[in-house]
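In my numbering, the protein residues as written are 2 to 154.
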């Protein structure tokens, strides 16, 4: 089995110039925890994840959870207001080192990359352009499909 067989072909992505507020809204509305950051040609130039948003000094969330949660809940310090006030762009918080795989990559390669890099999703590329994304959830679904097929009479 290879990546093309299990990847999500609908890719929710943002541009490096998008505001953090736009990116966060897109992630929430799309129910995803991370998005590839694509240039105008469709090449991955970064990844923006919940982790990037939650552990950065720029958003006031670098401290221990109880402190930053308190700051988020205080009037006048809501995350959306903070981000909009500071006008941050995706390029400022994204992780610029992007791990990608080709469509024909075996699933074993994806599993190793996810484990070794401690990441949750990998953009899938064809000729350098993002054409899909494969996540841990996609791998679990593929595993379930194999397991259920083996146990069904």
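Heads up, the beta-carbon is just placed ideally off N, CA and C, and yes, glycines get one too.
Please read all numbers here as calculations on a predicted model, not as lab measurements.
Nearest-angstrom Cα separation, counted from residue j out to residue i
i           : j           : result
residue 90  : residue 47  : 13 Å
residue 94  : residue 2   : 34 Å
residue 51  : residue 109 : 26 Å
residue 8   : residue 88  : 33 Å
residue 113 : residue 148 : 20 Å
residue 17  : residue 115 : 23 Å
residue 128 : residue 22  : 31 Å
residue 19  : residue 144 : 36 Å
N-terminal and C-terminal residue of the alpha helix (DSSP H) that residue i is part of
i           : result
residue 26  : 21-31
residue 152 : 137-152
residue 6   : 4-7
Range covered by the beta strand (DSSP E) that runs through residue i
i          : result
residue 45 : 45-50
residue 37 : 35-39
Close Cβ partners of residue i (< 7 Å) along its chain, the five nearest in sequence each way excluded
i          : result
residue 35 : 48, 49, 50, 51, 121 and 122
Residue i (DSSP reduced to helix, strand or coil)
i          : result
residue 91 : helix
residue 13 : coil
residue 18 : coil
beta-carbon residue i near the ligand GDP non-hydrogen atom, thresh 7 Å
i          : result
residue 54 : The ligand content of the structure shown is nil, which means the ligand GDP is not present either.
Own chain, CB closer than 8 Å to residue i, minus 5 neighbours either side, in chain order
i           : result
residue 59  : With a pLDDT of 48 at residue 59, under the threshold of 50, the modelled position of that residue is not reliable, and no figure is offered here.
residue 131 : 12, 14, 37, 39, 43, 44, 45, 101, 124 and 125
residue 24  : 15, 36, 49 and 91
residue 103 : 4, 125, 126 and 127
Test: residue i CB closer than 8 Å to a CB of chain B
i          : result
residue 35 : Included in the structure is just one protein chain, with no chain B present.
- Item | Entirely enclosed beta strand (DSSP E) segments - the stretch 100-140, minimum 3 residues | The qualifying runs are 122-127 and 130-136.
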